[in-house]
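Below: one structure, written as structure tokens.
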Amino acid sequence: MLPSDPDVLVIGAGCAGIAAARALAARGRSCVVLEAGARVGGRAYTERDSLGIAFDHGASWLHQADENPLTPLARALGLALLDHDALRDRRLFAHGRFADAADRAAFTAAEHAFWTAIETAAADGAPDRPADQAAPRGGPWDATVAHWEGAQICAAELSRMSLHDFAATALDSPNLILREGVGGLVARLAEGLPVRLAAHVDRLRWGARGVVAQGAFGSIAARAAIVTVSTGVLAAGGMAFDPPLPDATQGAIHALPMGLLTKIAFRADDPAAPALPPFASLRRAVEAPGDRPMSFISRLFGEPLLIGFCGGAQAWDLAGDTAAAAAAARSEVATMFGAPAAAALGRATVTRWGEDPLFRGAYSHAVPGAQAARRVLGTPLADGRLCFAGEATHPRFAATVAGAWFSGIAAARAVP
Ligand SMILES: Cc1cc2nc3c(=O)[nH]c(=O)nc-3n(C[C@H](O)[C@H](O)[C@H](O)COP(=O)(O)OP(=O)(O)OC[C@H]3O[C@@H](n4cnc5c(N)ncnc54)[C@H](O)[C@@H]3O)c2cc1C
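Using this note's numbering, you'd call the opening residue of the sequence shown number 11 and step up by one each time.
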């Protein structure tokens, strides 16, 4: 039951679009959510068919859970949330063996030194610069920490990121997980909303008198639009604007490119598969210049699943070649656990965020010098008749479901 004459068009049914639609309803405004894909949730997507186990292709943690708007929403639905940090068995592999207590203490000290250096450099009001220039170098664990905080967490190398944006969007624990997956949670939060699937918006006309969305579905007019598609989609021209967007908005879109994080998930039922306990996390050290190790998570909720994470330039290099990505993950497993353990893993499921034209990456980062871009992109146009929302627009919780959700609510309040 979609309204035929909505007040607002919401473009995209990911976290931002779902939050916007809920907030508009709470304000007494009608809306239609136009979603190009065949499902809701966008980059929050839990899927069971390929491996027979719930697998989050996109978001899987509620980061900074005490401030995360999805935490109380999950609790209100009665979903059990587990603190992954409290459950994690953290393992580190370096120089042919698993790290001992002294190695782990040295690694933890390097992590502290990294964040002290970043926060100090970002707090001094100095001009922006690539984040790697503020990171410690030369210590035995520095390259590993930088690889982890850049490619593995932010889906892009520190050298590609604005120091100030990197520091402003850094997240802390608690990091909560739920058996239903973040995609499962977000799909529940979309229930009953006026979503039209398979409705790709090709063109949006906008101005002081309102908006008109056009696509194969026809044409729908409204007083205002909230656009939540990723900056990757916007930069690639996945949606045309008439008139063209102002230079400042276009500049902000291009200053917030998408990083890529690819997950490679294996069933690990075989007794010969890597011996890791439930909820374990595993990192391998950077051992030489150019080494780009993957990390792994094992057996969430006791399920026989091993998930590899490949981020940044390496993920882009492998995008579109699922066989190569799976082979690279198996090779990492073989390095740490031996070839028989790697061979005992089942068929892989590889996520495809980079090549999917509805996403074109995993999440955004600001390029050096562009620390203001998120606020610029989030600034309403035409007196609120065109608002951008989505993770890329949130200056604090960018790149996360929390930022997307908050931005959708803010946009719903900004439309007239
Ligand atoms: C691998 C991976 C791991 C992640 N891990 C975490 C994590 O653990 N925790 C966390 O908080 N976040 C994580 N994230 C990030 C989080 O998933 C995103 O920040 C968030 O889901 C983005 O929501 P959004 O609404 O901004 O955008 P999207 O989810 O991208 O929603 C935009 C929607 O617009 C649709 N669309 C695109 N073009 C059009 C068009 N022309 N017309 C109509 N519709 C269109 C898309 O299909 C999509 O559904 C992860 C992301 C990935 C990919």
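We put the CB at the ideal spot given by N, CA and C, even for glycine.
Could you check whether the Cβ of residue i sits closer than 7 Å to any heavy atom belonging to ligand 1?
i, result
"S305", "no"
"A245", "no"
"W71", "yes"
"I163", "no"
"W363", "yes"
"H210", "yes"
"I21", "yes"
"V343", "no"
"V411", "yes"
"R100", "no"
"T179", "no"
"M249", "yes"
"L315", "no"
"L44", "yes"
"E401", "yes"
"L271", "yes"
"R359", "It should be pointed out that residue 359 corresponds to Thr in this sequence rather than to Arg. No, ligand 1 has no heavy atom inside 7 Å of this Cβ."
"V239", "yes"
"C320", "no"
"G27", "yes"
"G68", "yes"
"A372", "yes"
"R53", "yes"
"G5", "Nothing about residue 5 can be reported from this structure: the residues present for the chain run from 11 to 426 only."
"G38", "no"
"G24", "yes"
"G356", "no"
"A414", "yes"
"G228", "no"
Contact check, residue i vs residue j under 8 Å by CB: the rounded distance?
i, j, result
"D95", "N185", "6 Å"
"L316", "F306", "6 Å"
"S172", "A376", "4 Å"
"L80", "L92", "Wrong, their Cβ atoms sit about 14 Å apart, outside the cutoff."
"M304", "A339", "6 Å"
"V42", "P256", "About 26 Å; that fails the 8 Å criterion."
"T361", "K273", "5 Å"
Which value, in whole angstroms, describes the spacing of the CA atoms of residue i and residue j?
i, j, result
"D280", "A353", "10 Å"
"N78", "E201", "20 Å"
"T359", "A329", "13 Å"
"D175", "E167", "14 Å"
"A382", "L181", "19 Å"
"H157", "S229", "46 Å"
"V18", "L61", "39 Å"
"R139", "A380", "9 Å"
"L12", "L44", "11 Å"
"I163", "V386", "24 Å"
"I263", "L244", "7 Å"
"F388", "T403", "Per the sequence shown, the amino acid found at residue 388 is Gly instead of Phe. So the two alpha carbons sit approximately 5 Å from each other."
"A325", "L271", "6 Å"
"G194", "T56", "6 Å"
"G51", "S291", "26 Å"
"F251", "R101", "49 Å"
"G27", "A399", "8 Å"
"V221", "P390", "14 Å"
"G248", "G68", "21 Å"
"A29", "D59", "27 Å"
"G106", "A177", "33 Å"
"A104", "A258", "46 Å"
"A112", "A64", "36 Å"
"I236", "R357", "40 Å"
"A144", "R198", "42 Å"
"D301", "L83", "40 Å"
"E121", "E159", "9 Å"
"A422", "L355", "46 Å"
"Q260", "E401", "17 Å"
"A108", "P405", "Per the sequence shown, the amino acid found at residue 108 is Phe instead of Ala. Each residue's alpha carbon lies about 38 Å from the other."
"P267", "P146", "25 Å"
"A31", "W363", "24 Å"
"D15", "R233", "9 Å"
Return yes when the C-beta of residue i is under 7 Å from any heavy atom of ligand 2, and no when it is not.
i, result
"F369", "With respect to small molecules bound, the structure shown includes ligand 1 and not ligand 2."
Of all the CB atoms in chain B, is at least one closer than 8 Å to the CB of residue i?
i, result
"T126", "Protein chains in the displayed structure number just one, and chain B is not present."
- [ ] Would you be able to state if there are at least three C-beta pairs under 8 Å between the region 222–234 and the region 341–360?
- [x] The way I'd put it, the region 341–360 doesn't touch the region 222–234; fewer than three beta-carbon pairs between them come closer than 8 Å.
- [ ] Kindly confirm or deny that the region 228–245 and the region 366–384 touch, where touching means at least three C-beta pairs closer than 8 Å.
- [x] When C-beta atoms of the region 228–245 are compared with those of the region 366–384, three or more pairs fall below 8 Å, so the two segments count as touching.
Open item on the list: Counting beta carbon pairs with one atom in the region 297–304 and one in the region 402–418, are three or more of them shorter than 8 Å?
Closed with: Contact fails: fewer than three Cβ-Cβ distances are below 8 Å.
Open item on the list: Contact between the region 312–324 and the region 126–138 is defined here as three or more beta-carbon pairs at a separation below 8 Å; is this criterion met?
Closed with: Fewer than three pairs of CB atoms, one per stretch, sit closer than 8 Å, so the region 312–324 makes no contact with the region 126–138.
TODO: Assess, as a yes-or-no matter, whether the region 204–221 is touched by the region 179–194 under the definition of 3 or more beta carbon pairs within less than 8 Å.
DONE: The region 179–194 makes no contact with the region 204–221: fewer than 3 CB pairs, one atom from each, lie closer than 8 Å.
Open item on the list: For the pair the region 141–154 and the region 109–128, tell me if three or more CB-CB distances fall below 8 Å.
Closed with: The region 141–154 is in contact with the region 109–128.
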